[in-house]
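Using the working numbering, read the sequence shown as starting at 311 and increasing by one per residue.
Ideal Cβ placement from N, Cα and C applies to all residues, glycine included.
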Amino acid sequence: MTGLYVHIPFCTKKCHYCNFVITTSRAPGGHTKFLSALEKEIVHRGPDFQKTEFDTLYLGGGTPSVMTSEETSALFDLIRKNFRLKKDAEITCEINPGDIDRQKAENYRRMGVNRVSLGAQSFQDQTLKQLNRSHTAKDISASFQLLRATGFQNIGLDLILSLPGETLEDVKNSVYQLIGLGPEHVSLYELTIEEKTVFGNLFKRGELDLPDEDLQIQMLSYARPTLKKANFHHYELLNYAKPGFESRHNRIYWNNEEYLGLGPGAFSYRNGRRLMFSASVEEYFEKTGKGDWTAFEEEQLTPEKKERESFLLALRLAEGADTRRFDSLMKKIKNNIEKLEEKELLSRENGRICLTDRGQFFAETVFSELAV
311 MTGLYVHIPF CTKKCHYCNF VITTSRAPGG HTKFLSALEK EIVHRGPDFQ KTEFDTLYLG
371 GGTPSVMTSE ETSALFDLIR KNFRLKKDAE ITCEINPGDI DRQKAENYRR MGVNRVSLGA
431 QSFQDQTLKQ LNRSHTAKDI SASFQLLRAT GFQNIGLDLI LSLPGETLED VKNSVYQLIG
491 LGPEHVSLYE LTIEEKTVFG NLFKRGELDL PDEDLQIQML SYARPTLKKA NFHHYELLNY
551 AKPGFESRHN RIYWNNEEYL GLGPGAFSYR NGRRLMFSAS VEEYFEKTGK GDWTAFEEEQ
611 LTPEKKERES FLLALRLAEG ADTRRFDSLM KKIKNNIEKL EEKELLSREN GRICLTDRGQ
671 FFAETVFSEL AV
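Structure representation (structure tokens):
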């Protein structure tokens, strides 16, 4: 499979945990300027993908839903004019609660969007304020119901655990409200502290009230089985889906397959080459304006590195890694795997290696042990 990702860098506010390439500028004409720059990038990259039929299209950000219906229509016109999507392509759009109205929802349907990722993050208003989110818990429910009423049958919700000041009761309440809405997909993240963020600065100064490790484990220990009891399949380390609603686009990443990324901060991966065109919105405008198509960052993966990456990504999936695919690598990391098995972080069965339930709690430790 091959995926197409378009990064829409606009946000009304910057969340205190966010380290993505975004802008909160409301300068007049900013969206038009972006679409013009994106068109230049598409015209430059498009010819290399004339024979490609994309299995998925993902509009991420940033906040794609801050764009008007007219701007969204112009974006889809650009994409369909220059790329081919399969008839049954999964077309996903990220939406922030409170950004959506009936006109926008109906326009997404007309444009072919058949999957929505709704960024809830928490159902506690006080927590949402601490995160600097631009919506309330009521907005989550209202936006979800509006999308349902407009005909969307594939809606995912994102939830972040281990947030500042968060209690186990807060998590229980958020999970309860999430399940009550009835989404088809759930992404369950734990807060990651990024250095160049508000939370990163507070953490450095010792002013961030984070749950301790025991409480973090309790939160996950509650959320994971509760979602499973609600008929969600835990198909990837951080993701849960009702049967048949796994994210096809994200599967492309986890299977280490190829994708084209457009927009500031977006990565592409093709023929073992991974590259990012620009690292900021300002640089994106500058380079597209000058016709400078050099990569800001790129790497040509050796066959050995690609094999190791594919193995680590496969471990994220419920079915784990098929050892027959990684014969040469298995010999090199045999001792590492055996040590992790002794610690009950990995298990081996029927020619496959998987994270154990305990291993899922300490996945980063497992990956770091196997990455060297």
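Residue range of the alpha helix (DSSP H) that residue i falls in?
i, result
"residue 610", "Taken as a continuous stretch (DSSP letters only), residue 610 belongs to no alpha helix (DSSP H), being part of the beta strand (DSSP E) at 607 to 610."
"residue 594", "591 to 600"
"residue 646", "644 to 652"
"residue 454", "447 to 459"
"residue 509", "508 to 514"
"residue 680", "673 to 680"
Quick check on this structure: which residue in the options has the alpha carbon closest to the alpha carbon of residue i?
i, options, result
"residue 438", "470, 627, 531, 316", "470"
"residue 390", "642, 492, 362", "362"
"residue 655", "642, 661, 674", "674"
"residue 344", "315, 592, 560", "592"
"residue 682", "665, 645, 457", "645"
"residue 563", "353, 474, 626", "626"
"residue 356", "328, 395, 321, 325", "395"
"residue 464", "423, 668, 525", "423"
"residue 289", "321, 329, 331, 485", "One cannot answer for residue 289 here, as it falls past the ends of the chain, which runs 311 to 682."
"residue 359", "414, 641, 392", "392"
"residue 502", "317, 482, 526", "526"
"residue 659", "641, 630, 671, 494", "630"
"residue 311", "560, 474, 567, 435", "567"
"residue 319", "515, 590, 542", "590"
"residue 314", "679, 558, 636", "558"
"residue 678", "647, 507, 482", "647"
"residue 507", "652, 441, 456, 493", "441"
Can you tell me the Cβ-Cβ gap for residue i and residue j, rounded? I've got them flagged as a contact below 8 Å.
i, j, result
"residue 466", "residue 428", "7 Å"
"residue 335", "residue 407", "The Cβ separation is near 22 Å, so there is no contact."
"residue 547", "residue 584", "Not a contact, Cβ separation roughly 21 Å."
"residue 639", "residue 621", "6 Å"
"residue 409", "residue 382", "No, residue 409 and residue 382 are not in contact; Cβ-Cβ is about 12 Å, not under 8 Å."
"residue 426", "residue 462", "5 Å"
Please confirm whether residue i and residue j have their CB atoms less than 8 Å apart.
i, j, result
"residue 710", "residue 444", "Outside the displayed range of the chain (311 to 682) lies residue 710, so it cannot be described from this structure."
"residue 487", "residue 433", "yes"
"residue 569", "residue 579", "yes"
"residue 378", "residue 412", "no"
"residue 509", "residue 326", "yes"
"residue 332", "residue 375", "no"
"residue 550", "residue 537", "yes"
"residue 329", "residue 504", "yes"
"residue 279", "residue 571", "This structure cannot settle anything about residue 279, because the visible part of the chain is limited to 311 through 682."
"residue 533", "residue 485", "yes"
"residue 387", "residue 431", "no"
"residue 608", "residue 552", "no"
Got a sec, what are the start and stop residues for the beta strand (DSSP E) residue i sits in?
i, result
"residue 364", "363 to 371"
"residue 585", "583 to 586"
"residue 396", "394 to 405"
"residue 431", "425 to 431"
"residue 569", "568 to 572"
"residue 313", "312 to 318"
"residue 471", "465 to 471"
"residue 662", "662 to 665"
"residue 498", "495 to 500"
"residue 326", "From DSSP, residue 326 is part of no beta strand (DSSP E); its letter is neither H nor E."
- Query: Are the region 342 to 352 and the region 591 to 607 touching, with three or more C-beta to C-beta distances below 8 Å?
  - Reply: yes
- Does the region 366 to 378 come within contact of the region 397 to 410, defined as at least 3 CB pairs closer than 8 Å? Three or more beta-carbon pairs separated by less than 8 Å link the region 366 to 378 to the region 397 to 410, which places the two stretches in contact.
- Task: Pair every Cβ in the region 512 to 524 with every Cβ in the region 472 to 489, then say whether three or more of these pairs are closer than 8 Å.
- Result: yes
- Item | Contact between the region 413 to 426 and the region 571 to 579 (3+ Cβ pairs under 8 Å) | no
- Message: Does the structure place the region 663 to 673 close enough to the region 618 to 634 that three or more beta carbon pairs sit under 8 Å?
- Response: yes
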